[in-house]
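A.B. asks: What follows is a structure written as structure tokens; I'll ask about it next.
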Amino acid sequence: MAALEVWRYAEDSVRYLFGGSTGNPDADVIHKALKREGAKGLARASIWKLFSGHKTFEEIENALNELLLREKARKESKPSDGGRPSEIWVDCETSEISLPKSVNEVTQPC
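Listed below in structure tokens is the structure:
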């Protein structure tokens, strides 16, 4: 229990010193945009536009995975009209957790 308390104290100290920063500048840009959008979230294409197309797929994927790992964002799959489902990313803190309305709509809780 003492070791867990030391760990919690260390995490709290880092959070105090560095705020909500992930250490990944791309993830921080995306997270800020997701906070702005709230429950509406952002489609992957909109996330790509945040960087004016100057980031590779891998860079954006790494940033999104960082947000998932830190439970700062989650990915939702929303059905579309006859096509592939849309991938929407939402901020965990500012959005409401939505439950799937059907088997085709997948939500990853934070």
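Numbering (this note's numbering) for the sequence shown: 118 to 227. Idealized CB from N, CA, C, for every residue including glycine.
1) Who does K195 pair with in a DSSP beta bridge?
2) Decide if P217 is buried, meaning its Cβ has at least 16 other Cβ atoms within 10 Å, or exposed.
3) Would you decide whether E178 is buried or exposed? Buried here means 16 or more other CB atoms lie within 10 Å of its CB.
4) Where do the N-terminal and C-terminal ends of the alpha helix (DSSP H) with E122 fall, by residue?
5) Buried or exposed: which applies to L121, given that a residue is buried once 16 or more other Cβ atoms fall within 10 Å of its Cβ?
C.D. replies: In this structure, then:
1) As a working note, residue 195 is residue 78 in the sequence shown. K195 pairs with S203.
2) By one-based count along the sequence shown, residue 217 stands at place 100. The predicted model places P217 with a pLDDT of 48, which falls under 50 and marks its position as unreliable, so this point remains unresolved.
3) Start at 1 with the first residue of the sequence shown, and residue 178 comes out as number 61. By the 10 Å Cβ count, E178 comes out exposed.
4) For the purposes of this step, residue 122 is identified with residue 5 of the sequence shown, where counting begins at 1. 119-135 is the span of the alpha helix (DSSP H), which, as asked, contains E122.
5) As a first step, residue 121 is located in the sequence shown; it is residue number 4 there, counting from the start. By the neighbour-count rule (16 or more Cβ atoms within 10 Å), L121 is not buried but exposed.
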